[in-house]
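Below is one structure, written out as structure tokens, with a few remarks after it.
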Amino acid sequence: MSAVVEPPADADLAVERPFCAWCGAARTVGDHAGCDRRLATVDPPRHCPLCARRMVVQVDPVGWTARCSRHGESAGANGFS
Ligand SMILES: [Zn+2]
Ligand SMILES: [Zn+2]
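Counting from 12, one number per residue, gives the positions in the sequence shown under our numbering.
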């Protein structure tokens, strides 16, 4: 047993969230390392990672909420997690 949680493989991530939440392109196409870095630091997602629709994003001092017209609302404190 180990307490270390390994990050999911890219393939698993692509199945779970087929689209880049930052640029809206398919995660399997191109390099989204820069997008991931932005999402992990200060920027809220702009696109739904499930369908790539543009989301309605609201940012407030404690975090953000993003709403996909199809998949509903997601929220985060800092970065898309
Ligand atoms: Zn991207
Ligand atoms: Zn969606």
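Positions of the beta carbon are idealized from the N, C-alpha and C atoms, including for glycine.
Problem set entry | For residue 71, the three-state DSSP class (helix, strand or coil) | strand
Exercise. Is DSSP giving residue 46 helix, strand or coil here?
Worked result: helix
Exercise. In chain order, what residues of the same chain lie with their CB nearer than 6 Å to the CB of residue 92, ignoring the 5 residues before and after it?
Worked result: At residue 92 the pLDDT is 44, less than 50, meaning the model places this residue with poor confidence; the figure from the coordinates comes in the next sentence. Hits under 6 Å: none found.
Exercise. Cβ of residue 82 within 7 Å of any heavy atom in ligand 2?
Worked result: yes
Exercise. To the nearest angstrom, how far is it from the Cα of residue 42 to the Cα of residue 49?
Worked result: Straight-line Cα distance between these residues: approximately 13 Å.
Exercise. Which same chain residues, not among the five before or five after residue 61, have their C-beta less than 6 Å away from its C-beta?
Worked result: Answer for residue 61: 82, listed in chain order.
Exercise. The beta strand (DSSP E) spanning residue 80 covers which residue range?
Worked result: Here residue 80 belongs to no beta strand (DSSP E), and DSSP marks it neither H nor E.
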